[in-house]
Each structure stands twice: as structure tokens, then as C-alpha cells.
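25 is the number of the first residue of the sequence shown in my numbering; add one for each residue after it. Heads up, the thing below is written out as C-alpha cells.
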Amino acid sequence: MAGRLQMYGLAHCSTCQKAQAELQAAGWQVEFRDVAKAPLDQDEWQRMITDFGEKLVNRASLTWRGMSEDERAGTPLQMLSAKPSLMKRPAIVEGDKRLLGWTANVKRALGVAA
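Below is the structure:
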């Protein structure tokens, strides 16, 4: 079942590191993109928002809690473009699958032991 997938996140994010290690151990080839070091352009962010919806904005994050009300009033595109660390992580694209986070359901969808 393993193959190749794209993962978007932050290199220093422990959840992204864990997900990448577990995926590779399960035989996946992971193409990782750190959205802070290799920022997505407006079109790429818009595609991600279309694929993942509003859930792409992590409203439980420290970044969200540190934002002003004016910043929070922006569109998901405005917020994620300005603060990539606001993205729910990891965001995984595999074929037609769009998976967000590193939950038991996401692991099962990719054939990784939960």
C-alpha cells in the first residue's frame, strides 16, 4: 500500500517529525515541505484551503492565541500567508486523499499502525 506522498508542515514540529518517521518506517516515500522555510505562494495556499477547508487553520495553536482580533478576522488565505505556523500539521496529500493531523484515523488511512 505504501508509495509516495507529500507532507506539509514545519521541520521543528514534533508531530511532523513523528509522522514522517512512522510513514517512512511503514515504507512511504515522504516528500516533506517546511512551509516556513519554503513558503507556499498564494495559489498554493488557496489550493490547500480548497482541499482541506477551514480546518487547515489551527485555532487551538499558540500562534492563534497570540494573534490580535484584527488578525483573526482575516480570511484563511490571509492568515496562513502571513503566519504559516498557523497551519494544522501535518497536511498530507496522497493521490486523491487529503489528510490533516496525525490521528489514529489518518494512520489507518495510510496503513500505519495506530
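Quick reminder that beta carbons are idealized off the backbone N, C-alpha and C, glycines included. Fair warning: this is a prediction, and the values are worked out from it, not measured in the lab.
- For Arg96, the enclosing alpha helix (DSSP H) stretches over residues 93-96.
- In the structure shown, Ala115 falls within a strand segment according to DSSP collapsed to helix, strand and coil.
- Within the stretch 35-120, the complete beta strand (DSSP E) segments of 3 residues or longer fall at 53-58, 115-118, listed in chain order.
- Here Gly77 is exposed: its Cβ has fewer than 16 other Cβ atoms, across all protein chains shown, within 10 Å.
- Per DSSP, Ala138 lies in no alpha helix (DSSP H) and is assigned neither H nor E.
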